[in-house]
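Q: Take this structure first; my questions come after.
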Amino acid sequence: MKYKEVNKIYLPEIIGKGYKDYWNSRHRYCACKGSRGSKKSKTTALWLIYNIMKYPQANALCVRRFQNTLRNSCFSDLEWAAYRLGVHHLWDFPKSILEVTYKPTGQKILFRGMDDGLKVTSISVPHGVLCWVWIEEAYEITSESDFDKLDMSIRGEVPDGLWKQVRLTFNPWSEQSWLKPRFFDTKSDMIFAKTTTYRCNEWLDETDIRLFEDMKKNNPRRFRIEGDGEWGIAEGLIYTNIECADFDVQEIRQIPGIKSAFSLDFGFTDPTAFICSMVDNRAKIIYVFDEWYKTGTTNQKIAEKIKSMGYGGQRIICDSAEPKSIEELRECGLRSEPSRKGKDSVNHGIQQIQNYKIIVHPKCTEFWKEINNYCWEKDKFDKPTDKPEHEFSHGPDSLRYGVADLLTGDTFSFD
724 MKYKEVNKIY LPEIIGKGYK DYWNSRHRYC ACKGSRGSKK SKTTALWLIY
774 NIMKYPQANA LCVRRFQNTL RNSCFSDLEW AAYRLGVHHL WDFPKSILEV
824 TYKPTGQKIL FRGMDDGLKV TSISVPHGVL CWVWIEEAYE ITSESDFDKL
874 DMSIRGEVPD GLWKQVRLTF NPWSEQSWLK PRFFDTKSDM IFAKTTTYRC
924 NEWLDETDIR LFEDMKKNNP RRFRIEGDGE WGIAEGLIYT NIECADFDVQ
974 EIRQIPGIKS AFSLDFGFTD PTAFICSMVD NRAKIIYVFD EWYKTGTTNQ
1024 KIAEKIKSMG YGGQRIICDS AEPKSIEELR ECGLRSEPSR KGKDSVNHGI
1074 QQIQNYKIIV HPKCTEFWKE INNYCWEKDK FDKPTDKPEH EFSHGPDSLR
1124 YGVADLLTGD TFSFD
């Protein structure tokens, strides 16, 4: 089959403003963190489609922490980019397999999850060389050594005119992340690092901009992260003894004396947060091993989701401020119970948990984000109070309901 180009485009109009240096970078590492709506992922998808067509020996790999998140993120963005560039007819985006092919040459864009290390480090392409890697939501990769293994898999010589490159895109994250010292605090001729914001996205409408303006006025701390694209701040953090680490849930369940807790913080405009944890009281460790966050959901749907996750038979400790919701969950077949309330119950529960190390499984991305940004509220003199901020409190509140109940009696174990 012959392919004939008939469309001419003006690339700056397609891409928009704010990314010229990022687009033209040939550094080995090209890291871009940005606020919500900063078009960093869309720009990277456009870059890949455009440059694979420009360089007939180039192939690319798209990576996220979990394989099952790729189709609705990188794959979808790449298909959008092909449409925007007017070249979708030249690409194959199959629904049955996670792979993209440039039809005229057979060049590939492959997709892998870091949850299968062997598949990530043993990749080959049928035509040309694998020279470019796009790591989307790079903050999800919590182990720098895992990144190093992936980086080393892109090795060997490349044809004249090509270059090896890893592009990392992610929303702002805790300044404790390894990404900060590795790419943003280090000066190297191998690294290009950039922070972008929603302000460089000329395609946001007035309502989109209004959301950011309202956030800046009403929640400046959140705006600093989600509007200005800055790192999350560590000052005033409620929990500091935290770690994101992969662990085998079944192995942890076998620890003598291990206790489990399943807990729920209700929300609607704010997210509902369902948290699954285990407490090793002897070692003073809390393991957070599963989560579910959802806004705008009903109690019936909450019950259905918890059952589908396999926890329908477990005792679930819920926010006691929602007795009607707790009763509705019972009517749906869940063993829902109110959390214990009393004078200073919030601070007492926090103090209990502060005696433990919290280890969060990498799949619990929303909880990890919240626990890294869960801070004490500040007074008018910018001094921390003894009251937690509401923002980023949903998962931590849920954890507190379950763990505080567990540590004060009526404990239970996995079956």
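In our numbering, the protein residues as written are 724 to 1138. For each residue, glycine too, the CB sits at the ideal point set by N, CA and C.
Using the Cα positions of I914 and R749, report the straight-line distance between them to the nearest angstrom.
A: One C-alpha to the other measures close to 9 Å.
Q: Would you mind sorting S847 into buried or exposed? The rule is 16 or more other CB atoms within 10 Å of its CB.
A: Burial call: exposed.
Q: Name the DSSP bridge partner or partners of G757?
A: Per DSSP, T919.
Q: Which first and last residues belong to the beta strand (DSSP E) in which K1101 is found?
A: Residues 1099 to 1101.
Q: Should R787 and S796 be called a contact, given that it needs their Cβ atoms to be closer than 8 Å?
A: In this structure, S796 lies closer than 8 Å to R787 by Cβ.
Q: Are N1095 and S876 close, meaning C-beta to C-beta below 8 Å?
A: Against a cut-off of 8 Å, the Cβ pair of S876 and N1095 comes out as no contact.
Q: I'd like to check one pair, D993 with H1117: are the Cβ atoms closer than 8 Å?
A: Yes, Cβ-Cβ distance for H1117 and D993 is below 8 Å.
Q: Is the beta carbon of I1039 closer than 8 Å to that of S1062?
A: No, they are not a contact pair.
Q: Where does I738 sit, in a helix, a strand or coil, going by DSSP?
A: DSSP places I738 in helix when its eight states are reduced to three.
Q: DSSP three-state label for M938, please.
A: Helix, per DSSP.
Q: Which one of W1015, T792, K1086, S1043 has the shortest CA to CA distance from A996?
A: A996 has its Cα closest to that of W1015, out of W1015, T792, K1086, S1043.
Q: Could you name the residues of the same chain whose beta carbon sits closer than 8 Å to that of R807, not counting the 5 residues immediately before and after it, in chain order?
A: So the list reads I737, L769, once near-sequence residues are dropped.
Q: Please classify P904 as buried or exposed, where buried requires at least 16 neighbouring CB atoms within 10 angstroms.
A: Flag for P904 reads exposed.
Q: Leaving out five residues before and five after I832 in sequence, what residues of the same chain have Cβ atoms less than 6 Å from its Cβ?
A: Within the same chain, I832 has close Cβ partners A783, V823.
Q: Would you decide whether P1046 is buried or exposed? Buried here means 16 or more other CB atoms lie within 10 Å of its CB.
A: Counting Cβ neighbours within 10 Å, P1046 comes out exposed, since fewer than 16 surround it.
Q: Using CA coordinates, which residue listed in W746, F816, R751 is at the minimum distance from S911?
A: The residue with the shortest Cα to Cα distance from S911 is R751.
Q: Which stretch, first to last residue, makes up the beta strand (DSSP E) that contains D1003?
A: Start and end: 995 to 1003.
Q: Along the chain, where does the beta strand (DSSP E) containing G1125 start, and where does it finish?
A: Counting along the chain, G1125 falls outside any beta strand (DSSP E), though it belongs to the alpha helix (DSSP H) covering 1117 to 1130.
Q: Per DSSP, C785 is paired with what?
A: F834, W857, per the DSSP bridge assignment.
Q: So the beta strand (DSSP E) S983 belongs to, where does it begin and stop?
A: Unbroken beta strand (DSSP E) run through S983: 982 to 988.
Q: Confirm, please, whether the CB-CB distance from F1012 to S1000 is below 8 Å.
A: Yes.
Q: Let me know the alpha helix (DSSP H) ranges lying completely inside the segment 849 to 903, each 4 residues or longer, listed in chain order.
A: Correct list: 867 to 876.
Q: Could you please give me the residues that DSSP links to T930 through a beta bridge?
A: Answer is none; T930 lacks a bridge partner.
Q: Would S1121 count as contacting chain B if we go by Cβ distances under 8 Å?
A: The structure shown has no chain B; it contains just one protein chain.
Q: Pick helix, strand or coil for L801, following the three-state DSSP scheme.
A: Three-state DSSP puts L801 in a helix.
Q: Can you round the beta-carbon distance between K763 and G757 to whole angstroms, since I take them to be within the 8 Å contact cut?
A: Between G757 and K763 the Cβ distance is about 4 Å, and since that is below 8 Å, they are a contact.
Q: Could you compute how far the alpha carbon of I1073 sits from the alpha carbon of G809?
A: So the two alpha carbons sit approximately 54 Å from each other.
Q: Judging by CA-CA distance, which residue of R922, F907, N964, N924 is the nearest neighbour of A916?
A: Answer by Cα proximity: F907.
Q: Can you check whether the CB of I772 is closer than 8 Å to the CB of L801?
A: Cβ distance < 8 Å, so L801 and I772 count as in contact.
Q: Would you list the residues sitting across from I1039 in a DSSP beta bridge?
A: In the DSSP output, where bridge partners are listed per residue, I1039 has F985, S1059.
Q: Tell me whether H812 is buried or exposed, calling it buried when 16 or more other Cβ atoms sit within 10 Å of its Cβ.
A: Counting Cβ neighbours within 10 Å, H812 comes out exposed, since fewer than 16 surround it.
Q: Less than 8 Å between the C-beta atoms of P882 and I948, yes or no?
A: Their beta carbons are not under 8 Å apart, which means P882 does not touch I948 by this criterion.
Q: Return the chain-ordered list of same chain residues with a C-beta closer than 7 Å to the C-beta of T1020, the five sequence neighbours on each side being excluded.
A: Closer than 7 Å at Cβ, skipping near neighbours: T995.
Q: Can you tell me whether DSSP reads I1151 as helix, strand or coil?
A: Here the chain comprises residues numbered 724 to 1138, so residue 1151 is not present and cannot be evaluated.
Q: For N715 and I1081, which I take to be in contact (beta-carbon distance under 8 Å), what is that distance rounded to the nearest angstrom?
A: The structure shown has nothing for residue 715, since the chain only spans 724 to 1138.
Q: Under 8 Å between the Cβ atoms of S761 and T919?
A: Yes, they are a contact pair.
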